[in-house]
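Residues -13 to 368 in the numbering used here are what the first sequence lists, from first letter to last.
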Amino acid sequence: MAFHFEVLATDPSGARLGRITTPHGAIDTPAFMPVGTAATVKGQTQQDLEALDAQIILGNTYHLYLRPGHELIRRMGGLHKFMSWSRPILTDSGGFQVFSLSELRKVNDDGVTFRSHLDGSEHFLSPEKALEIEIALGSDIAMVLDECIEAPADRSRTKAAAARTLDWARRSRDYFAKHGEATKQMLFGIVQGGAHEALRIESANSLVDLDFPGYAIGGLAVGEPHPVTCEMTKAVTARLPADKPRYLMGVGKPEQIADYVALGVDMMDCVLPTRSARHGCLYTSQGRVLIRNSQYATDPRPIDENCRCAVCQRYSRAYLRHLYSTGEFLSTILNTHHNLYFYLDTMRKIREAIGFGKLETFRSDLQSRLQRAERTGGRVSG
RNA sequence: GGACGGGUGGGUGAGUGGCUAAAACCAGCAGACUGUAAAUCUGCCGCUCCUUGCGGGCUACGGAGGUUCGAAUCCUCCCCCGUCCA
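Structure below.
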C-alpha cells in the first residue's frame, strides 16, 4: 500500500510520534513543512532543503495554475520532476487565497472567481478544478478547496463558510474517486468553523463521515488570539480519528509549535521562517534576532551559539547584518537557511521528546526561554 | 576683470511672500509579519521641555543687513561653486 500512517508513540500531553509513508518517501511526524508556493522554497535550492533534511514541502495550486500552468507541469512530468524534488510534496488548494486575495475574488457555492494578482485576468477555481490541477501536479498530498474566512467572523458567516467547505469536501472526494489515484495521492479534507467551537465540532464530525485519509484544520491563526487557536484545535483533534494524520494549516510561531503538537497535531506549515528571514528576523533558541538592528553591526558571534546549522558554523551576526543592510541576495539565502534549520530542528527535538514521553518538559523549557527573551526586549541581547 | 547660473535639513532634491520644521526619494533608527499579491509593510527621523497634545519653547534654507504684520522665497552688500567671455 502506497500510503500509510502509523502512530509510533504517544506522549502524556496528547502528542503523537508518527510516520507517514508516501511513494516519495517517509515523513516523520510531527512534521514542519516549509512553504514553497511557486515550486520553490524562496531562497533555498533543493539541495539546501535536502541538507536541511526537509522531508516534505508545500506547493500552491493557485500560483502554479497561473504560472507556469498545471498542464505545462504535467507535460514536464509532474511537479516533483519539474522542480527536481524527489521527496513528498503537499499542494494547498487555493483555499487560503480565498482569504488572502479577498479583494480580488468572489465566492459562491460553485467555487471562487479570482482576478489574477499578476495581470488582473479572471479565473475560476471550483473544488473539481482545484483537484484537476493538483492531480496534474502530482503532489503526494492534495488539499480540498475550502473557504477560509477572516477572524473574527460572526456565527452565521462562519457557519455558512463551514457548510460550503463541507459541501466542497464532498464534491472533492467524489471527483477524486473518479479522476484521482489513491495510490498516488492522498486527499485531505479541511475543517473550518472559525472561532466557534460548536461549529468546529460539527465541521469535524461531518468531515470525518466523508472518510478522508487525512484531516486538516484550516482557518486558524488568521488574527484570533493564540489561546483561541488552541481551544479550536483541541476541540477538533479530539474528534478526528486517531489513525489518520492531522494537519494544522499555516502555523505557527516558534513558541506556539509545541502547543499544537501537544494537542495532537501531526503536521504544520508556515511562511514565517522563510518570510521573516527575508525581512531580517532570525529565530533562535534564545529568542528572535532582528539582524538589521545596529547592535549587531560589530557582533562577531553566530546568530545562535547553540545552533548547528551551516550558517551558524561559519558567519557572524555582523556579516549577516551587512548582507541585510546592503540588500545582498546572500542575505535571503543564509537567513532562510538558518530559520528553516531552526524550525526543522525544533521539530526533531519535539519528536525526540515525544519518544521519551517528555514533551511537557521540552515545551515549558522552550517557551520560558523564548518568552523571557521577548520580555527583555524581544530579542537576543547577549 | 566681465556675463550668466547656482548655494535648502546626513545625501539627492522640491519649494518664488503666510497653509513650511520645510514635498519626495535615499540613507539612518525601530517595529510588524502565522495554509506567501510580501527581497514587503508600518512608525520615527533639527534640538529641547512637559500634564505626551493635531502641546510649549528654541534653532534652521551660504553670511550680514534691510523691506514686510509675516521672508527659504523680495532688496542691498559680502562669501563660495559652476559655465562662458576677456
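Glycine included, each C-beta is placed from N, C-alpha and C at the ideal position.
Reduced DSSP secondary structure (H/G/I, E/B, other) of N279: Shown here, N279 sits in coil according to DSSP, grouped into three states, outside any helix or strand.
L152 versus E338 - alpha carbon distance: Cα to Cα, the separation comes out at about 36 Å.
A139 versus R287: straight-line alpha-carbon distance, rounded: Those two C-alpha atoms are separated by around 46 Å.
Residues near L226 by beta carbon distance below 7 Å, same chain, minus five either side: Cβ within range, chain order: A190, V194, Y201, R232.
Buried versus exposed call for D290 [16 or more other C-beta atoms within 10 Å across all chains shown]: With 16 or more neighbouring CB atoms inside 10 Å of its own CB, D290 falls in the buried class.
Same chain only: Cβ atoms within 7 Å of D39, ignoring 5 sequence neighbours per side: If we look at D39 and ignore the five residues flanking it on each side, its Cβ neighbours are L330.
Where the alpha helix (DSSP H) containing E217 begins and where it ends: That run of the alpha helix (DSSP H) goes 212 to 223.
Bridge partners - H109, DSSP secondary structure assignment: In DSSP, H109 forms a bridge with F100.
Touching by the beta-carbon criterion (3+ pairs, under 8 Å), the segment 166 to 181 and the segment 104 to 113: Flag = no, the segment 166 to 181 and the segment 104 to 113 do not touch.
Any 3 or more C-beta pairs closer than 8 Å across the segment 267 to 284 and the segment 299 to 312: Verdict: yes, contact present.
Closest residue to G11 among L76, G0, L52, V27 (Cα-Cα distance): Checked all of L76, G0, L52, V27; the closest Cα to G11 is L76.
Complete alpha helix (DSSP H) runs within the segment 33 to 92 (minimum length 4 residues, chain order): Counting whole runs of 4 or more residues, the segment 33 to 92 contains the alpha helix (DSSP H) stretches 47 to 52, 56 to 61, 65 to 69, 81 to 86.
Under 9 Å between C-beta atoms of L326 and S271: Cβ atoms of L326 and S271: not closer than 9 Å.
Status (buried if at least 16 other CB within 10 Å, exposed otherwise) for T379: Since the first residue of the chain shown is -13 and the last is 368, residue 379 is not available in this structure.
Length of the line joining the Cα atoms of F100 and N46: When rounded, the distance between both Cα atoms is 15 Å.
Outcome for G97 when other beta-carbon atoms lying within 10 angstroms are tallied against a minimum of 16: With 16 or more other Cβ atoms from the protein chains shown falling within 10 Å of its own Cβ, G97 counts as buried.
Other residues of its chain near G368: CB distance less than 8 Å, five sequence neighbours each side excluded: Here the model assigns G368 a pLDDT of 41, short of 50, so the residue's position is not dependable, and the following value carries that caveat. So the list is empty, once near-sequence residues are dropped.
6 Å Cβ shell around G364 - same chain, five flanking residues per side excluded: In this predicted model, G364 has a pLDDT of only 46, less than 50, meaning its place in the structure is not dependable; the value taken from the coordinates is given anyway. Annotation for G364: no residue places its beta carbon closer than 6 Å to its own, counting only its chain and skipping 5 residues before and after.
Identity of the residue in E133, H212, E241 nearest D95 by Cα: Relative to the Cα of D95, the nearest Cα in the group E133, H212, E241 belongs to E133.
Coil, strand or helix - A243 by DSSP: For the record, residue 243 in the displayed sequence is Ile; it is not Ala. Of the three classes helix, strand and coil, the one that applies to I243 here is helix, per DSSP.
Meets three-Cβ-pair contact criterion under 8 Å: the segment 160 to 172 and the segment 13 to 30: No: the two stretches stay apart, fewer than three of their Cβ pairs being nearer than 8 Å.
Closest by C-alpha distance to K220, when choosing among E360, F(-9), C256, A1: The shortest Cα separation from K220 among E360, F(-9), C256, A1 belongs to A1.
Terminal residues of the alpha helix (DSSP H) in which G166 lies: Where G166 is concerned, there is no enclosing alpha helix (DSSP H), given that its DSSP letter is neither H nor E.
Neighbour-count burial assignment, V366, 16 or more Cβ in a 10 Å radius: For V366, the pLDDT reaches just 49, beneath the cut-off of 50, and the residue's location in the model is therefore unreliable, although a value from the coordinates is still provided. Classification of V366: buried, given that the 10 Å Cβ count is 16 or more.
Beta-carbon proximity check, D5 vs T15, cutoff 9 Å: In the sequence on display, residue 5 carries Arg and not Asp. In contact: R5 and T15 (Cβ atoms closer than 9 Å).
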